[in-house]
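Q:
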Amino acid sequence: MAVKVAEEWLNACSGCEISIVDLGERLLAVLDLVEFVHIPVLLDHKYYGQLGEGKHINIPEATVGIISGSIRNHEHLEVAEEMRRKCQIIIALGTCATHGGIPALANSYRNQEILDRYYHTETTDKVDEYPSEGIPHLLDSVYALDEKIKVDIYLPGCAPHPDQVFAALAGLLAGELPKLPDRSVCDQCPTVREGKGQVKQLRRFLEAPHYGAPDEPIDKMRCLLEQGFLCMGSVTKAGCGGDKIVPRCIAARVPCRGCYGPVQHDGNQLLQMLNALASNGIDIHSLPDYVSLLRFSGAHKLLRPGHKQKEA
Amino acid sequence: MSRVINIAPITRIEGHASIAIKLDAKGNVADSKVHYQSLRGFEKFIEGKPAEEVPRIVNRICGICPWHHHTASNKAVDLCFGVTVTPAGRKLRELMQIISHGEDKILNFFFLAAPDFVMGPDADYGVRNVIGVAKAAPELATKAVQMRYKAKMILEKFSGKAIHPHAAVAGGFCKPLLEAERQEFLPQIRELLDFSLFTLGFAKAEVFPKYLDAVKVLGVINTGFIGTVDEQGALNVFGGNLRIMKPDGTFVEFDPQNYTDYIGEAVTPFSYGKYPYAKCWNEGFSLDIDNPKGIYRANCLARINVADKMATPRAQAELEEFRAAFGRPAQLTLLYHWARLIEDVYAYERAIELLEDPEITDTNVRAKVEPKAGRGVGCVEAPRGTLIHDYSTDDKGLITRANLIVGTTHNLGPIHMSVHQAARALIKDGEVNEGILNKIEMAVRAYDP
Ligand code: SF4
Ligand code: SF4
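If you're matching them up, the sequences are chains A and B in order. So the first sequence is numbered by our numbering: it starts at 1 and just counts up by one. So the second sequence is numbered by our numbering: it starts at 1 and just counts up by one.
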């Protein structure tokens, strides 16, 4: 018997769903072993019945429920709660679901400030009232899933690597609860570290790091933080390289920005990174903005209105 | 007795939307609305961020077209900082963007749209999906999955991340393309081109003729169009001038830096999304399908309509055939699917041209950049339509103001109208079934939102 799976996207960009689709041929194998009972990106199952006649959101029962995206409005909350009722195991897929993700940068502002900007750009017609008819009201903040429902498995990543999505699904089908180890991006980074860098002031990523000839392998390049670039590898959960392991930004010689969220689920990337900078002898005042250290993990009340630039 | 039918969520699309159809006492359509439910506020929360970081933030607007946001954003940042991108950097950006254009079309055609055509719109929802397609046509499905994976792996292998890339940087690209990589990718892209030609041939022989009736009636509206062309008037997704075409085929052409003179955005009470319209027509905005005002469409059909020609030979031959059959501008909504597959051919022809260009392996990929105060409008064509990223920076190079108009947004008005048209034509005397409701959704899916 195929395992029943339900999938939902809340305050999501669909990148997490694309990671599922990007399993390649493995997707066809997965589709043989799981029975999707609800997944809006692929399947036409509807909340209110197939003829739109129902009154309440209804999602079929499933063994596994996968949810991407954070909880931003009342409908997200209803859907998340319905998924929790109907699914035995809830997987939070992607950093939006586990830590708020990029959209949680909105938590630095009150909703009114966001609406005021969005409906008053230089191309927007003047309006007396903001839209409200037939659309779900915003919650006061962007919430990670576990702030509102119980989560059983966390699979962060923005987007999670398809290799990991596959490993998790394969594990579940074999009856194991998958978990990513608590290691950091640095633990999987092959660059050369010499201990302390000589740099006191951070360099913005406006120039290329040094790495010799273009075909020089990545394990000959000096650590980007030691070169003076802000790289968040030490405060970010490992795994983005998938089965090939090398962190994906580093592979392109670009510093890590923390998209897998903190190493430990309840870690605070901002505080940890300020520590890491200080212990590398880097002046933390050379950071152009602090909020960006919570770029992916601003839910769990870490970012709040008023908590804006340079106010860490 | 009047009633409301809730199609929620709209499925097999990328976004978050629902449809509410109000029936009158006789069971005919009194009103219909498409509600867009998400509002994230990127315009607000990128304020204060260093501009060079923004292309790595706004790519999260969409997980299907992150490369396009990434590219448009980088262009805006370049302009704010007054930097000229090196030629190789520019070509690498275009290469990655165009490969991504191609894989998106495979996704759209086979995963999102094909179930309606292969299984038929009346099939049960349990089989009317990609799993059903995989069972009905296993070889085709396997091939489609493999091809898309191949394209994604080229993106990942060369640039690190296929979804939410970080590889384009202010001033150019993060690293050069090695000769060995070029030799590895070229045959793969040629295979993708073959597949795009096969797909179009298959669709023209097996899919479109069967549904020509549906094409002629479903979601049909009359609108203008927007798209980007190069100096020769050929379709270009990486950049050039914008054209806004009237329903009668006449058009204006302008530099995207001046977009605010041509485009306005209306707000409706029933949707978080805003509704861009052609301000330059001076007729205002109305979604009334019998008397629309200011309405133009974006995405592949629009691009193919506004362009005089395609810049590559096979795509041009396909365009000629298409135009001979449907004219210019072609208005039928379901022709988006056809136009999409023509663009797929263009995407891989163009990718091959870029890979065969000796300059693509030049190692000078990134110009040095100094942060400064400025303003820049970055514009590219995403699969779902014209992307406009407009930023201003202060003297430290931090963002002070941003305005974003994203691809699907241009089509929100047209989608609303197409849904209304389809609902009015299909729902009579209270007769509603799953097949009818799915056909109404097909009018949405054509736009690939
Ligand atoms: S975690 Fe990243 S990929 Fe997933 S929904 Fe959020 S922004 Fe998109
Ligand atoms: S290197 Fe860092 S930012 Fe880049 S993909 Fe990995 S975890 Fe994400």
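Each residue gets a CB set at the ideal place from its N, CA and C atoms; glycine is no exception. None of the values given here were measured: they were computed from a predicted structure.
Could you check whether the Cβ of Ile427 of chain B sits closer than 8 Å to any Cβ belonging to chain A?
A: For Ile427 of chain B, the answer is no, since every Cβ of chain A falls outside 8 Å of its Cβ.
Q: List the residues of chain B that Pro156 of chain A touches, going by C-beta distances under 9 Å, in chain order.
A: Correct list: empty, because the minimum Cβ distance to chain B is about 13 Å.
Q: Looking at Gly15 of chain A and ligand 4, is the gap between the Cβ and the nearest heavy atom below 7 Å?
A: No copy of ligand 4 appears in this structure; the ligands present are ligand 1 and ligand 2.
Q: Residues of chain A with CB under 7 Å from Phe484 of chain B, in chain order?
A: Residue numbering for chain B in the displayed model covers 1 to 449; residue 484 of chain B lies beyond these limits and cannot be assessed.
Q: Out of B:Ile226, B:Phe225 and B:Glu441, point me to the one whose CA is closest to Thr538 of chain B's CA.
A: Residue 538 of chain B cannot be examined here, being either before or after the span of chain B that is shown, 1 to 449.
Q: Keeping to the same chain, check which residues put their C-beta closer than 6 Å to that of Gly264 of chain B; ignore five residues upstream and five downstream.
A: Around Gly264 of chain B: Tyr277 and Lys279.
Q: Figure out for me which residue from B:Phe202, B:Thr86, B:Gln37 and B:Ala137 has the closest Cα to the Cα of Gly134 of chain A.
A: The shortest C-alpha separation from Gly134 of chain A is found at B:Gln37.
Q: Does chain B have any CB closer than 8 Å to the CB of His210 of chain A?
A: Not one chain B Cβ lies under 8 Å of His210 of chain A.
Q: Is there at least one non-hydrogen atom of ligand 1 closer than 7 Å to the beta-carbon of Thr95 of chain A?
A: True, at least one ligand heavy atom lies under 7 Å from that Cβ.
Q: Output, in chain order, the set of chain D residues within a Cβ distance shorter than 8 Å of Tyr48 of chain A.
A: Among the protein chains of the structure shown, namely A and B, there is no chain D.
Q: Compare the C-beta of Tyr447 of chain B against all C-beta atoms of chain A and say whether one is closer than 8 Å.
A: Output row for Tyr447 of chain B: interface = no.
Q: Near Glu359 of chain B, what residues of its chain come up, given a Cβ to Cβ distance below 7 Å and the 5 sequence neighbours on each side ignored?
A: Around Glu359 of chain B: Pro87, Ala88 and Lys91.
Q: Please confirm whether Ile106 of chain B and Ile154 of chain B have their CB atoms less than 8 Å apart.
A: Taking 8 Å as the Cβ cut-off, Ile106 of chain B and Ile154 of chain B do not qualify as a contacting pair.
Q: How long is the line joining the alpha carbons of Tyr211 of chain A and Asp187 of chain A, rounded to whole angstroms?
A: C-alpha separation (whole angstroms): 20 Å.
Q: So that I know if they touch, is there some Cβ in chain A lying closer than 8 Å to that of Leu287 of chain B?
A: Judged by the 8 Å Cβ criterion, Leu287 of chain B is not in contact with chain A.
Q: Using DSSP's beta-bridge definition, name the partner residues of Ser70 of chain A.
A: The partner list for Ser70 of chain A (beta bridge, DSSP) reads A:Asn11.
Q: Say whether chain B places a C-beta atom closer than 8 Å to the C-beta of Gly228 of chain A.
A: Not closer than 8 Å to any Cβ of chain B, the Cβ of Gly228 of chain A fails to qualify, so no.
Q: Helix, strand or coil: which one does DSSP assign to Ile19 of chain B?
A: Strand at Ile19 of chain B.
Q: Look at the Cβ atom of Leu415 of chain B, then the Cβ atom of Pro383 of chain B, and state whether they are nearer than 8 Å.
A: Note on residue identity: the sequence assigns Ile, not Leu, to residue 415 of chain B. No, the Cβ-Cβ distance between Ile415 of chain B and Pro383 of chain B is not below 8 Å.
Q: Do you know how far the Cα of Phe254 of chain B is from the Cα of Thr260 of chain B?
A: For Thr260 of chain B and Phe254 of chain B, the distance between alpha carbons rounds to 11 Å.
Q: Please confirm if His45 of chain A has its CB atom under 8 Å from at least one CB of chain B.
A: Chain B contact via Cβ: present.
Q: Can you confirm whether Ile218 of chain A, when its beta carbon is compared against all beta carbons of chain B, has any partner nearer than 8 Å?
A: No, its Cβ sits nowhere closer than 8 Å to a Cβ of chain B.
Q: Which word fits Tyr296 of chain B, buried or exposed, when buried means at least 16 other C-beta atoms lie within 10 angstroms of its C-beta?
A: Buried: at least 16 other Cβ atoms inside 10 Å.
Q: Quick check: is the beta carbon of Pro50 of chain B nearer than 8 Å to any beta carbon in chain A?
A: Chain A, which has a Cβ nearer than 8 Å to the Cβ of Pro50 of chain B, makes this yes.
Q: Assign Glu156 of chain B to buried or exposed, taking buried as 16 or more other Cβ atoms, counted over all protein chains shown, within 10 Å of its Cβ.
A: Buried: at least 16 other Cβ atoms inside 10 Å.
Q: Please specify which runs of the alpha helix (DSSP H), each continuous and at least 4 residues long, are wholly inside the segment 32 to 113 of chain A, giving them in chain order.
A: 74 to 86 and 95 to 99, all fully within the segment 32 to 113 of chain A.
Q: Are the CB atoms of Pro256 of chain B and Leu242 of chain B within a distance shorter than 8 Å?
A: Result yes, Cβ atoms of Leu242 of chain B and Pro256 of chain B sit closer than 8 Å.
Q: Whole-angstrom Cβ separation of Leu218 of chain B and Ala443 of chain B, contact assumed at under 8 Å?
A: Leu218 of chain B to Ala443 of chain B, Cβ: 5 Å. Contact.
Q: Once the 5 residues before and after Thr191 of chain A are set aside, which same chain residues still bring their CB inside 8 Å of it?
A: If we look at Thr191 of chain A and ignore the five residues flanking it on each side, its Cβ neighbours are Ile218, Asp219, Met221, Arg222, Cys223, Leu224 and Ile250.
Q: Of the choices B:Arg375, B:Asp308 and B:Thr223, whose alpha-carbon is the least far from that of Ser286 of chain B?
A: With distances taken between Cα atoms, Ser286 of chain B lies closest to B:Thr223.
Q: Can you give the Cα-Cα distance for Lys439 of chain B and Pro121 of chain B, rounded to whole angstroms?
A: Cα-Cα distance, rounded: 6 Å.
Q: So which of A:Pro162, A:Ile66 and A:Arg183 has the shortest CA-CA distance to Lys4 of chain A?
A: Answer by Cα proximity: A:Ile66.
Q: I'd like the span of the beta strand (DSSP E) that includes Val252 of chain B, first residue to last.
A: Segment Phe251 to Phe254, the beta strand (DSSP E) holding Val252 of chain B.
Q: Would Leu206 of chain A and Gly228 of chain A qualify as a contact pair, given that the criterion is a beta-carbon distance under 8 Å?
A: Their beta carbons are not under 8 Å apart, which means Leu206 of chain A does not touch Gly228 of chain A by this criterion.
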